[in-house]
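The numbering of the sequence shown is our numbering, which starts it at 28 and goes up by one.
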Amino acid sequence: MVTPIQPFLSGKRSALILRIMVLLCVFATYAGTSYASSVSGFVVSASKEENLQDKVVYLSFDDGPGKHTHEVLDILRTEQVQATFFVLGEQAERYPEMIRSVVEDGHALGNHTFNHQYEQLYSDFKVFWKQIKQTEDVVERIAGFRPNLVRAPGGTYGHFDQSYFDLLKLGGYTVMDWNVDSGDSRRKGVPAKEILTNATKVPAGARSVIVLMHDGGAHAETVKALPGIIKYYRDQGYRFDTMKASDQPVQFRVHPAEKYKFRKAPGKSWIAEHVQENSNLWLAGKELKVEMGLAAATLKPGEFRVEDQRIMVPLRTFMKKFGSSARWDAETRTANAVWKDRIIRADSISGDLITKRAGQVDDMRTVGAVQTQGGTIWVPLRELMEHMGVNVQSLKVNENEWIVKTGMPLAAANSMYIHKMI
Numbered sequence: 028m029v030t031p032i033q034p035f036l037s038g039k040r041s042a043l044i045l046r047i048m049v050l051l052c053v054f055a056t057y058a059g060t061s062y063a064s065s066v067s068g069f070v071v072s073a074s075k076e077e078n079l080q081d082k083v084v085y086l087s088f089d090d091g092p093g094k095h096t097h098e099v100l101d102i103l104r105t106e107q108v109q110a111t112f113f114v115l116g117e118q119a120e121r122y123p124e125m126i127r128s129v130v131e132d133g134h135a136l137g138n139h140t141f142n143h144q145y146e147q148l149y150s151d152f153k154v155f156w157k158q159i160k161q162t163e164d165v166v167e168r169i170a171g172f173r174p175n176l177v178r179a180p181g182g183t184y185g186h187f188d189q190s191y192f193d194l195l196k197l198g199g200y201t202v203m204d205w206n207v208d209s210g211d212s213r214r215k216g217v218p219a220k221e222i223l224t225n226a227t228k229v230p231a232g233a234r235s236v237i238v239l240m241h242d243g244g245a246h247a248e249t250v251k252a253l254p255g256i257i258k259y260y261r262d263q264g265y266r267f268d269t270m271k272a273s274d275q276p277v278q279f280r281v282h283p284a285e286k287y288k289f290r291k292a293p294g295k296s297w298i299a300e301h302v303q304e305n306s307n308l309w310l311a312g313k314e315l316k317v318e319m320g321l322a323a324a325t326l327k328p329g330e331f332r333v334e335d336q337r338i339m340v341p342l343r344t345f346m347k348k349f350g351s352s353a354r355w356d357a358e359t360r361t362a363n364a365v366w367k368d369r370i371i372r373a374d375s376i377s378g379d380l381i382t383k384r385a386g387q388v389d390d391m392r393t394v395g396a397v398q399t400q401g402g403t404i405w406v407p408l409r410e411l412m413e414h415m416g417v418n419v420q421s422l423k424v425n426e427n428e429w430i431v432k433t434g435m436p437l438a439a440a441n442s443m444y445i446h447k448m449i
């Protein structure tokens with residue numbers, strides 16, 4: 028999620044000082060010399076202590092898509108908040124356009140089985156597995172990828188034994204329960220006021236909150252409560268994020284109901300045939316084509332990764348393909364790229380992606396976006412495009428490639444702004 032950093036300077040004199048600092052950084056980038064130590068006010072870097080104090084809330088919606096999903100998406104779009112949708116395969120088949128809207132808006136998709144029928148899903152792990160694969164197939168046909176986030180209908184408590192957890196993990200899935208229940212499905216017609224109260228009962232000391240809500244079925248009251256839920260967490264200083272398969276799982280303790288305690292686990296041959304090789308499905312084998320206005324670039328397999336439903340690109344490689352570059356500053360452990368009227372900085376220590384535009388006081392910051400692997404800085408494509416000043420308009424996939432189309436970048440005249448100032 029992109030959040031503004033509060034101005035650390037004010038007034039005409041401060042604005043002049045800030046502009047000088049920006050120019051020095053630009054000059055340093057072109058000259059190949061780091062001035063970061065003398066221009067320490069260029070960005071406000073989050074310390075490790077600040078990251079430890081980070082509060083995050085994950086809004087999650089189960090049982091959809093349904094007749095209220097578009098209303099939920101409208102609210103999230105207005106509030107500029109991301110969420111995670113655990114979808115049923117049979118509902119995805121009915122509302123494919125809603126699945127596409129969820130993905131295009133930058134939300135995460137999770138697998139909630141195909142039909143939500145407890146007596147089938149929890150009688151035998153093989154049935155649960157079959158429904159997970161059914162829903163995967165449906166989502167891939169619609170959105171072009173297979174979600175490896177899973178939420179058990181009704182939650183894992185009372186339903187899962189240890190074999191369910193172990194086999195799903197072996198197959199490459201991450202199972203997510205919740206720690207705040209909005210109570211919107213406890214009975215028919217739960218009023219919005221009660222949903223709001225339940226959804227804001229944060230466990231003592233919890234800095235990571237997963238809120239359970241529903242967008243499938245008759246949940247109009249959940250839609251009414253949603254703006255208030257968002258306001259509460261925003262006022263309490265939480266940031267909003269989507270769940271990722273790489274996140275630490277939030278799971279209830281293992282406690283299967285009596286009727287499930289004597290289930291037989293699948294045999295070794297079935298596990299070998301169906302589960303063990305399943306994790307290979309998450310590997311990317313397609314090319315990535317990015318169309319930015321009239322410009323286009325292609326990344327080969329290996330030049331990008333698809334993980335946690337995000338396309339990750341190496342910053343230096345990507346910027347080079349669009350005529351820019353990224354220089355590494357060993358002293359500050361940052362990669363810095365000049366793009367038109369802005370400097371984009373990837374901080375390998377804080378993990379933040381930070382952008383400064385010439386003539387502006389506020390920074391744009393995406394928290395925790397940067398990854399470092401094997402000496403290479405990786406960033407999520409959607410967030411990088413936002414920092415470059417373009418919006419992703421569509422994401423499509425075919426047999427051979429991912430195709431990302433964006434709006435037009437800044438006008439050519441603006442791209443010369445920094446150079447004229449120098």
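Cβ atoms here follow ideal geometry from the backbone N, Cα and C, with glycine treated the same way.
From the listed residues Gly171, Gly133, Phe172, Asp204, the smallest Cα separation to Phe187 is found for Asp204. The C-beta distance from Gly171 to Ser306 rounds to 19 Å, too long to meet the 8 Å contact threshold. Put simply, the backbone Cα of Asp268 is about 12 Å away from that of Leu103. For a cut-off of 8 Å, the C-beta gap from Arg360 to Ile376 is around 5 Å, short enough to register as a contact. Pro341 is not a Cβ neighbour of Thr393, given a cutoff of 8 Å. Boundaries of the alpha helix (DSSP H) harbouring Lys258: 247 to 262, taken from the DSSP string.
Around Glu330, the same chain offers Leu315, Val340, Pro341, Thr344 as residues with beta carbons nearer than 8 Å, after the five sequence neighbours per side are excluded. Excluding its 5 nearest sequence neighbours in each direction, Ser87 has C-beta neighbours in its own chain below 8 Å: Ala110, Thr111, Phe112, Phe113, Gly137, Arg178, Met203, Trp205, Ile237, Val238, Leu239, Met240, Met270, listed in chain order. For Lys160, the enclosing alpha helix (DSSP H) starts and ends at 152 to 170. Restricting attention to Asp368, Leu194, Gln336, the CA atom closest to the CA of Gly133 is found in Gln336. The beta carbon of Asn225 lies closer than 7 Å to those of Asp208, Ser209, Gly210 in the same chain, with the five residues before and after it left out. DSSP places Ser421 in no alpha helix (DSSP H) but in the uninterrupted beta strand (DSSP E) bounded by 419 to 424. Spatial neighbours of Gln303 in its own chain (CB-CB distance under 7 Å, excluding positions within 5 residues in sequence) are listed in chain order as Leu197. Taking C-beta separations shorter than 6 Å and ignoring five residues to either side along the sequence, the partners of Pro283 in its chain run Asp188, following chain order. For Pro341, the pairing in a beta bridge is given by DSSP as Trp405. DSSP, reduced to helix, strand and coil, places Glu314 within a strand of the structure shown. Here Met240 carries a strand assignment [DSSP, helix/strand/coil]. Here the C-alpha atom of Pro180 lies approximately 6 Å from the C-alpha atom of His143.
Going by beta carbons, Gly116 and Val154 fall outside the 8 Å limit. Per DSSP, Gln387 lies in no beta strand (DSSP E) and is assigned neither H nor E.
If you check the CB distance, Ala219 and Thr162 do not come in under 8 Å.
Around the CB of Phe152, 16 or more other CB atoms lie within 10 Å, so the residue is classed as buried.
Sequence-distant Cβ neighbours of Ser273 in its own chain, meaning closer than 6 Å and more than five residues away, are Asp335.
The residue from Gln387, Val277, Glu358 with its alpha-carbon nearest to that of Asp368 is Gln387. Taking C-alpha positions only, Ile298 is separated from Leu194 by approximately 8 Å. Looking from the CA of Ser190, the closest CA among Lys295, Lys327, Glu410 belongs to Lys295. Put simply, the backbone Cα of Thr96 is about 11 Å away from that of Ala245. Taking a C-beta distance under 8 Å as the contact criterion, Val419 and Thr433 qualify as a contact pair.
A Cβ-Cβ distance of about 5 Å is found for the pair Ala396 and Glu410, placing them in contact under the 8 Å criterion. In the structure shown, Val99 falls within a helical segment according to DSSP collapsed to helix, strand and coil. Excluding the 5 residues flanking it on each side, Val217 has same chain C-beta neighbours closer than 7 Å at Gly210, Asp211, Glu248, in chain order. By the CB criterion at 8 Å, Gly243 and Asp101 fall outside the cutoff. Linking Tyr122 to Trp355 through their CA atoms gives a straight-line distance of about 46 Å. Secondary structure note for Ala322: its beta strand (DSSP E) is the uninterrupted segment 322 to 326. In the structure shown, the three-state DSSP call for Gly116 is helix.
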